[in-house]
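J.:
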Amino acid sequence: MSSSLSGRTVLVTGATSGIGHQTARLLAERGATVLVHGRTAEEAHAAVDRLVTLSDAPADRLCAFGADFSRLEEVEQLAARVQAEHPHLDVLVNNAGMAAPERHTVTADGNEIAFQVNFLAHYLLTHLLEPALTSDPGGRVVNVSSSLHRSGSIQWNDPNRTRRYSRLAAYAQSQLALTVFASDPRVTAVSVHPGVCVTSLLPLYAQEGESPAEGAAHVVRLCDPATEIVNGAYYDREHRVTPAPVATEPRTVKRLTKLADLLVGHTA
1182 MSSSLSGRTV
1192 LVTGATSGIG
1202 HQTARLLAER
1212 GATVLVHGRT
1222 AEEAHAAVDR
1232 LVTLSDAPAD
1242 RLCAFGADFS
1252 RLEEVEQLAA
1262 RVQAEHPHLD
1272 VLVNNAGMAA
1282 PERHTVTADG
1292 NEIAFQVNFL
1302 AHYLLTHLLE
1312 PALTSDPGGR
1322 VVNVSSSLHR
1332 SGSIQWNDPN
1342 RTRRYSRLAA
1352 YAQSQLALTV
1362 FASDPRVTAV
1372 SVHPGVCVTS
1382 LLPLYAQEGE
1392 SPAEGAAHVV
1402 RLCDPATEIV
1412 NGAYYDREHR
1422 VTPAPVATEP
1432 RTVKRLTKLA
1442 DLLVGHTA
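In our numbering, each residue's number is its place in the sequence shown (first place is 1) plus 1181.
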């Protein structure tokens, strides 16, 4: 079967389990070259081995990459290696995510861990990969966000939430930031809530959910060049819906860019 994904190169962050892993599988089975990211090189290689063994994904179209998103230096190294090996990238799927921990946790870079892993690392990675994503027209970014972004607010004066920490508020803030980031005009991007799926994040949402493969299908649809997308749009599964009003405010987008540049030590 010929697929519009044939010959495309896609980087999927957090591809060692859950929706990310199933997204990598579906993309590879449909002919894409998939860069499989995991927290460590070992985890990424193990994920590639599982894909080769348990799916129709051919080994020569899967590449393993390790980077711990709680260390921004590793995000920079990941971007440099991807650029060197794949100077043209069609799609970046910003999927890696974690539930915020019970206790307030700060990374070595000085950021609240969920804000860094779920948003800041992806912000930095997207900008570092901008040349690869824009080397040909049609490059796009798909942020795997969450309906919980609606309950979030960005604490501009205390993004690390040192004064008042709640794990749900920290997680929602990271998802709102990721959703706002899709409205940044530098690279064509969309966000998608893939549905409530049975992954490590399920306890934040509900008792039961759909399979990760069902969630992944919604992500893959947005990776497909045959699917026309609107820059900055937000999708709830297959439907384009309006995100939280704050997510598309130009002022909020500018403010977030400024804050993120500051926190990743990167000047745009």
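For each residue, glycine too, the CB sits at the ideal point set by N, CA and C.
According to the neighbour-count rule (16 or more other Cβ atoms, all chains shown, within 10 Å of its Cβ), is LEU1365 buried or exposed?
T.: One-based indexing of the sequence shown puts residue 1365 at position 184. Note that residue 1365 corresponds to Asp in the displayed sequence, not to Leu. ASP1365 is buried by the Cβ-count criterion.
J.: In terms of alpha-carbon separation, which member of PRO1282, ALA1353 and HIS1269 lies closest to SER1332?
T.: What you label residue 1332 is simply residue 151 of the sequence shown in a count that begins at 1. Ranking the options by Cα distance to SER1332, first place goes to ALA1353.
J.: For the region 1214-1228 and the region 1335-1342, state whether three or more C-beta atom pairs, one from each stretch, are separated by less than 8 Å.
T.: no
J.: Please list, in chain order, all residues of the same chain as PHE1246 whose beta carbon is under 8 Å from its beta carbon, the five residues on each side excluded.
T.: Residue 1246 sits at position 65 when you count from the first residue of the sequence shown. Excluding residues within five positions, the ones whose Cβ falls inside 8 Å are LEU1192, LEU1216, VAL1217, HIS1218, GLY1219, ALA1222, ALA1225, LEU1259, ARG1262 and VAL1263.
J.: Within 10 angstroms of the Cβ of VAL1445, are there 16 or more other Cβ atoms? Answer buried if so, exposed if not.
T.: For the purposes of this step, residue 1445 is taken as residue 264 along the sequence shown, with counting starting at 1. Buried, because 16 or more other Cβ atoms sit within 10 Å of the Cβ of VAL1445.
J.: At which residues does the alpha helix (DSSP H) containing GLY1201 begin and terminate?
T.: Here the question's residue 1201 lines up with position 20 in the sequence shown. Counting along the chain, the alpha helix (DSSP H) containing GLY1201 begins and ends at 1199-1210.
J.: Tell me whether the region 1296-1307 and the region 1228-1247 touch, counting them as touching only if at least three CB pairs, one residue from each stretch, are closer than 8 Å.
T.: no
J.: Mark SER1347 as exposed unless 16 or more other C-beta atoms lie within 10 angstroms of its C-beta, in which case mark it buried.
T.: The residue given as residue 1347 occupies position 166 in the sequence shown. That one is exposed.
J.: How far does the beta strand (DSSP E) with THR1214 in it reach, from first residue to last?
T.: As a first step, residue 1214 must be located in the sequence shown, where it is residue number 33. 1214-1219 is the extent of the beta strand (DSSP E) around THR1214.
J.: For ALA1289, does the count of other Cβ atoms within 10 angstroms reach 16, so buried, or fall short, so exposed?
T.: For the purposes of this step, residue 1289 is taken as the residue at position 108 of the sequence shown. Burial call: exposed.
J.: Three-state secondary structure (DSSP) at GLY1396?
T.: As a working mapping, residue 1396 is identified with position 215 in the sequence shown. Of the three classes helix, strand and coil, the one that applies to GLY1396 here is helix, per DSSP.
J.: Beta-carbon within less than 6 Å of ARG1345's beta-carbon, same chain only, minus the 5 sequence neighbours each way: which residues are those?
T.: Residue 1345 sits at position 164 when you count from the first residue of the sequence shown. Once the five neighbours on either side are set aside, ARG1345 has no close Cβ partner at all.
J.: Alpha carbon to alpha carbon, how far is THR1360 from VAL1233?
T.: For the purposes of this step, residue 1360 is taken as the residue at position 179 of the sequence shown. For the purposes of this step, residue 1233 is taken as the residue at position 52 of the sequence shown. If I take the Cα positions, the gap works out to 32 Å.
J.: Report the partner residues of ASN1338 according to the DSSP bridge assignment.
T.: Reading the sequence shown from its first residue, position 157 is the one you call residue 1338. For ASN1338, no pairing in a beta bridge is given by DSSP.
J.: With DSSP collapsed to three states, give me the class of SER1310.
T.: As a position in the sequence shown, residue 1310 is number 129, starting the count at 1. One point to set straight first is that residue 1310 is Leu, not Ser, in the sequence displayed. DSSP places LEU1310 in coil when its eight states are reduced to three.
J.: Note the first and the last residue of the continuous beta strand (DSSP E) segment covering VAL1193.
T.: As a working mapping, residue 1193 is identified with position 12 in the sequence shown. 1190-1193 is the span of the beta strand (DSSP E), which, as asked, contains VAL1193.
J.: Going along the chain, which residues of its own chain have a beta-carbon closer than 7 Å to the beta-carbon of ALA1248, five neighbours each way excluded?
T.: The count along the sequence shown starts at 1 and reaches residue 1248 at position 67. For ALA1248, where only same-chain residues beyond five positions count, the Cβ hits under 7 Å are HIS1218, GLU1255, VAL1256, GLN1258 and LEU1259.
J.: What are the start and end residues of the beta strand (DSSP E) that includes SER1417?
T.: Within the sequence shown, numbered from 1, the residue matching residue 1417 stands at position 236. With the sequence shown as reference, residue 1417 is identified as Asp, and Ser is not the correct amino acid for it. Per DSSP, ASP1417 belongs to the beta strand (DSSP E) from 1415-1417.
J.: Which residue comes first and which comes last in the beta strand (DSSP E) that contains ARG1421?
T.: Counted from its first residue, the sequence shown places residue 1421 at position 240. Unbroken beta strand (DSSP E) run through ARG1421: 1420-1422.
J.: Work out the CA separation of SER1251 and ILE1410 for me, nearest whole Å.
T.: As a working mapping, residue 1410 is identified with position 229 in the sequence shown. As a working mapping, residue 1251 is identified with position 70 in the sequence shown. So the two alpha carbons sit approximately 31 Å from each other.
J.: Going by DSSP, name the residue or residues bridged to ARG1231.
T.: On the sequence shown, residue 1231 is found 50 positions in, with the first residue counted as 1. Beta-bridge partners assigned by DSSP to ARG1231: none are found.
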